[in-house]
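Novice: Quick one: the structure is below, and I'll ask about it shortly.
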Amino acid sequence: LNLSSFPFSYLSFLYHPHSKDLCPRMRRLFPILLTLILESSLSMKTNSGLKNNSATCVSGFCLGGDYNSLELPSGNKEVTRITMHLEVLDVLRVDDKKFSVTLNMYFGVRWTENRLTKMTPGTSSWIPIDMDFMNYLWVPNVFVYNLVSFHALDCLKKLAGLWVAEGKDLFYNQATHVTFMCPMRFNKFPLDQHSCKFLVGSTNYDMTRMLFDYNTLSYDPLSGNTILDYRIQIKPLKTADRIINYGETGNYSLTGFEMTLTRNMAKYLYIYYLPSGLFVGVSWVSFLIPPDVVPGRMALLVTLFLVLINIFNTITNVSPNVEGMTAISSWMIACMFFVFGALLGYAAILYVLLMKKKNCLIKKRNDLAFVHAPSCYFYKVSEQTKRKEEIEELDHTEKLAKVDSILLYVFPFMFLVFNIIYWPFWIL
């Protein structure tokens with residue numbers, strides 16, 4: 232090691248003949264200072280060698296001394312092509328409150344580095360190299376749009392690798408948990424479907440300097456999270472989605488995938504839709520109960536109405552936030568209206584019965600004929616009047632039974648019409 236260039240001059244004063252007045256403690260620090268200066272000078276010498284015409288090599292691949300990690304591999308005249316390898320292992324979470332999706336995936340980037348020189352011949356087309364080699368390389372500034380978090384996984388060390396492919400291509404792959412924003416609208420909950428776009432590109436170089444494409448895009452729905460509330464489908468981006476315009480700065484290239492989230496509505500069908508629909512059907516049984524049996528008919532309808540209100544409150548708590556009414560909320564409100572309609576119809580029948588009874592009492596009092604006697608009253612009612620009242624009572628009862636019969640047909644028909652309108656409206 233050549234020490235001629237080491238800066239010892241500023242330490243010579245420690246042993247200068249005229250330095251006797253210096254503190255002896257400073258003289259004892261001389262060995263420590265000398266060691267620090269030697270290490271610093273050695274580091275400066277090494278770094279200077281890397282910058283000044285000294286090649287950086289690893290696993291038989293070298294970067295020339297004139298290599299500049301700030302310049303594009305293809306220079307300023309050609310387009311640098313970046314190829315993404317996106318392997319989605321699982322969809323960990325779909326957050327309805329934060330409008331985000333979390334993926335467990337392998338995030339791979341591949342690009343061509345023409346300035347990389349292969350020093351030793353080899354037969355393998357994929358050669359793993361040390362990750363520290365990344366410190367000397369030009370690395371594309373990959374930008375994930377709408378990114379919330381990018382968590383690199385590690386186990387003892389970071390779960391990542393760097394390979395040289397086919398002599399000139401560099402491939403970097405990283406195991407990650409990626410969370411990105413997804414615009415969702417829950418008006419059709421739980422019959423909703425959402426489209427989320429995972430976009431990868433560059434914010435520094437436009438399409439004339441850098442192009443993004445994908446080589447691998449994979450996802451197996453059968454190996455996904457079974458407790459997730461959605462069915463997941465992943466497909467490549469459409470051509471129109473692979474370019475983003477930033478106005479005066481130009482057009483920028485994008486790649487990635489489009490994720491379609493379709494909610495599994497089977498759970499909601501048998502937990503909410505089916506019971507509430509059956510409760511509406513049970514309310515029609517009240518039309519078969521005679522109007523005179525007030526406790527039985529009222530207890531049935533009021534109980535069903537309160538149960539539906541309780542289910543509606545539960546649905547409101549579990550539903551995502553929306554501006555208006557969700558699909559399941561409109562269903563529950565309709566069911567409550569059907570039961571309330573049956574209750575209102577019975578209330579109208581009770582009102583008619585009450586008015587009939589009141590009119591009968593008034594008429595009966597007016598028809599009474601009595602004669603004053605010294606000791607008692609003698610009432611005189613004709614037989615014809617009694618028969619007439621009985622006939623009127625039978626006619627009235629028959630009319631009420633006919634009303635119940637009509638309602639027994641009208642309510643199911645209206646509920647059927649509601650279903651015919653409801654399902655196509657919310658599903659299509």
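FYI, the numbering for the sequence shown is 232 to 659, going by this note's numbering.
For every residue, glycine included, the Cβ atom is placed at its ideal position computed from N, Cα and C.
Model, not experiment: these values are computed from the prediction.
#1: Output needed for residue 631: all residues of its chain with C-beta closer than 8 Å, excluding positions within five of it in sequence on either side, in chain order.
#2: Three-state secondary structure (DSSP) at residue 572?
#3: What does DSSP give as the partner residues of residue 655 in its beta bridges?
#4: For residue 327, which residues in the same chain have their Cβ closer than 6 Å to its Cβ, ignoring the five residues on either side in sequence?
#5: Quick one: residues in its chain with C-beta nearer than 6 Å to the C-beta of residue 291, no 5 flanking neighbours on either side, listed in chain order?
#6: Going by the beta-carbon positions, is the gap between residue 445 and residue 317 smaller than 8 Å?
#7: In whole angstroms, give me the CA-to-CA distance for residue 382 and residue 333.
#8: Taking 8 Å as the cut-off, decide whether the C-beta atoms of residue 323 and residue 408 are in contact.
#9: Please tell me whether residue 403 and residue 346 are closer than 8 Å, where the distance is taken between their beta carbons.
#10: Excluding sequence positions up to five away, which residues of its chain have a Cβ less than 7 Å from the Cβ of residue 466?
#11: Would you call the CB atoms of residue 494 and residue 414 closer than 8 Å?
#12: Can residue 565 and residue 514 be called in contact, C-beta distance under 8 Å?
#13: With burial defined as no fewer than 16 other Cβ atoms inside 10 Å of the residue's Cβ, what is the status of residue 658: buried or exposed?
#14: Starting from the N-terminal side, write out each stretch of the alpha helix (DSSP H) that is 4 residues or longer and does not extend beyond the region 472-501.
#15: Looking at C-beta atoms only, is the number of pairs between the region 381-397 and the region 441-455 that lie closer than 8 Å three or more?
#16: Start and end of the alpha helix (DSSP H) containing residue 324?
#17: Just the C-alpha distance for residue 509 and residue 434, rounded to the nearest angstrom, thanks.
#18: Would you kindly check if the distance between the Cβ of residue 539 and the Cβ of residue 570 is under 8 Å?
#19: Just reading off the alpha helix (DSSP H) that residue 360 is part of, what are its end residues?
#20: Let me check one thing: in DSSP terms, what residues is residue 462 bridge-paired to?
#21: Which class does residue 467 belong to by DSSP, given the choice of helix, strand or coil?
#22: So if DSSP puts residue 389 in a beta bridge, which residue, or which two residues, is it bridged to?
#23: Considering only residues of the same chain and omitting the five flanking positions on each side of residue 371, which have a CB-CB separation below 8 Å?
#24: Going by alpha carbons, who is nearest to residue 363 out of 377, 348, 398, 389?
#25: Output the distance between the C-alpha atoms of residue 357 and residue 397, rounded to the nearest integer angstrom.
#26: Where does residue 444 sit, in a helix, a strand or coil, going by DSSP?
#27: Closer than 6 Å by C-beta to residue 492: which residues in its own chain qualify, once you throw out the five before and the five after it? Chain order, please.
#28: Which two residues bound the contiguous alpha helix (DSSP H) that contains residue 341?
#29: Within 10 angstroms of its Cβ, does residue 369 collect 16 or more other Cβ (buried), or is it exposed?
#30: Determine whether the beta carbon atoms of residue 379 and residue 429 lie at a separation below 8 Å.
#31: Taking all protein chains shown into account, decide if residue 288 is buried (16 or more other Cβ within 10 angstroms of its Cβ) or exposed.
#32: Can you pull the DSSP bridge partners for residue 631?
#33: Taking residue 668 as part of the beta strand (DSSP E), name the residues at either end of that continuous run.
Specialist: Based on what the coordinates show:
#1: Closer than 8 Å at Cβ, skipping near neighbours: 522, 580, 583, 584.
#2: Here residue 572 sits in helix by DSSP.
#3: As computed with DSSP, residue 655 is found in no beta bridge at all.
#4: Scanning its chain for C-beta atoms nearer than 6 Å, with the 5 sequence neighbours on each side dropped, one finds around residue 327 the residues 551, in chain order.
#5: If we look at residue 291 and ignore the five residues flanking it on each side, its Cβ neighbours are 350, 351.
#6: Cβ distance < 8 Å, so residue 445 and residue 317 count as in contact.
#7: Rounded to the nearest angstrom, the two C-alpha atoms are 10 Å apart.
#8: Between residue 323 and residue 408, the C-beta spacing is below 8 Å.
#9: The answer is no: Cβ separation not under 8 Å.
#10: Within the same chain, Cβ atoms closer than 7 Å to the Cβ of residue 466 are found at 488, 489, the five residues on either side in sequence being excluded.
#11: Their beta carbons are not under 8 Å apart, which means residue 494 does not touch residue 414 by this criterion.
#12: Cβ atoms of residue 565 and residue 514: not closer than 8 Å.
#13: Taking all protein chains shown into account, residue 658 has fewer than 16 neighbouring C-beta atoms within 10 Å of its C-beta and is therefore exposed.
#14: Annotation note: the region 472-501 contains no uninterrupted alpha helix (DSSP H) run of length 4 or greater.
#15: With a cut-off of 8 Å, the region 441-455 and the region 381-397 do not count as touching, because too few Cβ pairs lie within range.
#16: No alpha helix (DSSP H) holds residue 324; the beta strand (DSSP E) holding it covers 311-326.
#17: Approximately 57 Å, taken between the alpha carbons.
#18: For the 8 Å CB-CB criterion, residue 570 and residue 539 form a contact.
#19: For residue 360, there is no enclosing alpha helix (DSSP H); the residue is found in the beta strand (DSSP E) stretching over 357-360.
#20: Bridge partners of residue 462 according to DSSP: 493.
#21: If DSSP states are grouped into helix, strand and coil, residue 467 belongs with the strands.
#22: Under DSSP, the beta-bridge partners assigned to residue 389 are 385.
#23: These residues qualify, in order along the chain: 311, 313, 340, 342, 433, 441.
#24: Among 377, 348, 398, 389, the Cα nearest to that of residue 363 belongs to 389.
#25: Between the alpha carbons of residue 357 and residue 397 lies a distance of about 7 Å.
#26: Strand at residue 444.
#27: Within the same chain, Cβ atoms closer than 6 Å to the Cβ of residue 492 are found at 425, 461, the five residues on either side in sequence being excluded.
#28: That residue, residue 341, is in no alpha helix (DSSP H); its beta strand (DSSP E) goes 331-343.
#29: Under this definition residue 369 is a buried residue.
#30: A distance of 8 Å or more separates the beta carbons of residue 379 and residue 429.
#31: Residue 288 should be labelled exposed.
#32: Its beta-bridge partners do not exist; DSSP assigns none.
#33: Because the chain is modelled from 232 through 659, residue 668 falls outside the range shown and cannot be assessed.
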